[in-house]
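Residue 920 in the working numbering sits at position 44 of the sequence shown, with consecutive numbering throughout.
Even glycine gets a Cβ: it sits at the ideal position worked out from N, Cα and C.
Predicted model only: the values in this text are computed from it and were never measured.
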Amino acid sequence: MINLQSVTKRYPGGDDVLVNVDLQIAGGQMVVLLGPSGAGKSTLLKLMGGIERASTGAVEIFGQDTARLDPGRLALVRQQIGLIFEDFKLLADRNALDNVLVPLEIAGYAPTEARRRARAALERVGLGTRESARPATLSGGEQQRLCIARAVVSRPALILADEPTGNLDADQAASIADMLRAFHAAGTTVVVATHDPLFRDRLQGRALHVEAGQVRSIQAPPGQAKVPR
Ligand SMILES: Nc1ncnc2c1ncn2[C@@H]1O[C@H](COP(=O)(O)OP(=O)(O)O)[C@@H](O)[C@H]1O
Ligand SMILES: [Mg+2]
């Protein structure tokens, strides 16, 4: 599903964020990225989403080397990926329902079916009564949930989520974890960066630690890596 081979990433003028990273994520896996702020978790997700390019090495998504894809083909790959990122990129001049409709319109759904699916996705994140609201009139947590609804509405093969619960309370975070687990149970590959230990435990994924340019497996099963109170 995702294959990073000897990937090094540096931003212009900066130090290496990732150094010679080899990482395989098989289809259907649930992966949780942990590690300190600034370690490169968001960068890793952006490489996996074809948003950033590796400085050296190869990034394959769905078996395709992203560096060799022309913009049109890269766009097709991106259509199969549900992105939940820190900066929400919601369309300010569209209401909540119309924001969730965007990926369905791109995927070519008939309008009636698209609206049915978009409403179901809004219900699922607890925004069923807010479909007419513009993003600016929603709270930070509601905007985050709207972003999640938009990311999952077209049932992408791969969901990439960057700190998806940063603006949510514990109950909302738990419900988002359960939703991601339901997608995982249905065969979707899910990669989530989080520093929220409760959220991480509830996801029960394969844990990877990102630090000092490296990505390492964390062997302790979920629940046994908890910080003592
Ligand atoms: N667009 C960018 N341009 C320059 N430096 C960046 C950019 N994005 C991230 N960085 C730097 O790369 C490092 C890793 O950032 P990031 O991937 O956001 O880490 P994390 O998500 O783990 O907090 C940080 O030092 C950050 O300042
Ligand atoms: Mg980050």
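Distance, Cα to Cα, residue i vs residue j?
{"i": "Arg992", "j": "Phe938", "result": "29 Å"}
{"i": "Ala1058", "j": "Arg1031", "result": "12 Å"}
{"i": "Lys917", "j": "Leu910", "result": "7 Å"}
{"i": "Arg1105", "j": "Glu1087", "result": "In this predicted model, Arg1105 has a pLDDT of only 39, less than 50, meaning its place in the structure is not dependable; the value taken from the coordinates is given anyway. Near 24 Å, if we compare the C-alpha coordinates of Glu1087 and Arg1105."}
{"i": "Lys885", "j": "Arg954", "result": "20 Å"}
{"i": "Ser1093", "j": "Gly1063", "result": "22 Å"}
{"i": "Asp946", "j": "Gln1048", "result": "39 Å"}
{"i": "Thr942", "j": "Gly890", "result": "23 Å"}
{"i": "Lys965", "j": "Val1068", "result": "18 Å"}
{"i": "Ala994", "j": "Glu981", "result": "11 Å"}
Should residue i and residue j be called a contact, given that it needs their Cβ atoms to be closer than 7 Å?
{"i": "Leu921", "j": "Leu1036", "result": "yes"}
{"i": "Leu894", "j": "Gly1089", "result": "yes"}
{"i": "Pro1073", "j": "Ile960", "result": "no"}
{"i": "Leu998", "j": "Gly1017", "result": "no"}
{"i": "Arg1021", "j": "Val1001", "result": "yes"}
Exercise for review: Mind listing which residues have their beta carbon within less than 5 Å of any non-hydrogen atom of ligand 1? Chain order is fine.
Suggested key: Tyr887, Gly890, Val893, Ser913, Gly914, Ala915, Gly916, Lys917, Ser918, Thr919
**Report entry** the region 996-1007 contacting the region 955-975, beta-carbon criterion three pairs below 8 Å
**Finding:** yes
task: Please confirm if the region 897-912 is in contact with the region 1071-1085, defined as three or more CB-CB distances below 8 Å between the two stretches.
output: yes
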